[in-house]
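Heads up, the thing below is written out as structure tokens.
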Amino acid sequence: MSKSSQLTIEQYIHQFSPEVRVTLNKLRSIILSAAPDAEETITYGIPAYKLNNKPLVYFGAYQSHIGFYATQSGHEKFAEELSEYKKGKGSIQFPLNKEIPIHLIKRMVEFKVEELSKRP
């Protein structure tokens, strides 16, 4: 097992500068408030959230942005609102020098919760 897979969410967040930690903790709070039954884990070396053992969302901090992964359906549903953000491999990139779009992220997580609740 790699060291990153043994990290807790708190340990992952603590690796970053105080400014980035504030943003990561805010993102974590948004996700948990919109999906209180989600399971927190580290997957692919980044914080991941699962609901009913299915991927909900992921996030990760990088040199110049926060990557937010809401899977393909989440990205497609909010494509117009996300159009101003750079896209990465399966992610939306929120620049570190701007506020993260709290209400948009919350709506994306709520959409994913609803979507996963409908799946068998």
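Numbering of the sequence shown is given in this note's numbering, commencing with residue 389 and proceeding in unit increments. The C-beta atom is built at its ideal place from N, Cα and C for all residues, glycine as well. Here the structure is a predicted model, which is why all the values come from computation and not from measurement.
At the C-beta level, I454 and L395 stay beyond 9 Å of one another. Looking only at D425, Y457 and K477, the smallest Cα-Cα distance to S505 is reached by D425. Residue pairing by DSSP places I434 opposite T431 in a beta bridge. For E428 and L439, the gap between their C-alpha atoms comes out near 9 Å. Cβ neighbours of R507 within its own chain (closer than 8 Å, five residues either side excluded): N440 and K442. About 5 Å separates the beta carbon of Y457 from that of S479, a gap short enough to meet the 8 Å contact definition. For A467, the enclosing alpha helix (DSSP H) has its first and last residue at A467 to L470.
Taking each of Q481, G448 and N413 in turn and checking the Cα distance to I430, the smallest one comes out for G448.
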